[in-house]
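K.L.:
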Amino acid sequence: SFLTAAAAAMDFPAYFGHNWDAFEECVNDLSWAPADGYVLLYDQLWWLACDHARTWRTARAILEEASRRWEKEGVPFYTLVRGTHGCGDVAAALSDPYR
351 SFLTAAAAAM DFPAYFGHNW DAFEECVNDL SWAPADGYVL LYDQLWWLAC
401 DHARTWRTAR AILEEASRRW EKEGVPFYTL VRGTHGCGDV AAALSDPYR
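Numbering of the sequence shown is given in our numbering, commencing with residue 351 and proceeding in unit increments.
#1: Beta-carbon separation of Ile412 and Val377 under 8 Å?
#2: My output table needs one value for Phe373: the three-state DSSP class, helix, strand or coil.
#3: Evaluate Thr392 with the Cβ neighbour count: other Cβ atoms within 10 Å of its Cβ, from every protein chain shown; 16 or more gives buried, anything less gives exposed.
#4: Helix or strand or just coil, what does DSSP make of Phe362?
#5: Could you give the first and the last residue of the continuous beta strand (DSSP E) run that contains Leu430?
If you want it as structure tokens, here you go:
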């Protein structure tokens, strides 16, 4: 699942609860991975945005809010996506949070 992959990729602490509230808490904390900034790369966007739209909308909203929060602290936090093959209108999937 997205949450399991995200937890592994970002080395979430053992207490991570594998739910959206826990994901939001972890991406807004990151104290276990101190850095001058953060870049997340999601490499299978077609799978997430096109086949699991609800998951994409939720993840996107949480990551956008985290980016704004980190920006207020002067810490860069970027999410990059790629891998759009096999997906119809990826531009719409990226730009429309309600799709």
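A virtual CB, placed ideally from N, CA and C, is assigned to each residue, including glycine.
Note that the structure is a prediction, hence the values are computed from the model and not measured.
P.N.:
Concretely, from the data shown:
#1: Your numbering for residue 412 matches position 62 in the sequence shown. Your numbering for residue 377 matches position 27 in the sequence shown. Their beta carbons are under 8 Å apart, which means Ile412 touches Val377 by this criterion.
#2: For the purposes of this step, residue 373 is taken as residue 23 along the sequence shown, with counting starting at 1. DSSP places Phe373 in helix when its eight states are reduced to three.
#3: The residue given as residue 392 occupies position 42 in the sequence shown. Per the sequence presented here, residue 392 reads as Tyr, with Thr not at that position. Under this definition Tyr392 is a buried residue.
#4: On the sequence shown, residue 362 is found 12 positions in, with the first residue counted as 1. Here Phe362 sits in coil by DSSP.
#5: Here residue 430 refers to the residue found at position 80 when the sequence shown is read from its first residue. Here the beta strand (DSSP E) through Leu430 covers Phe427 to Val431.
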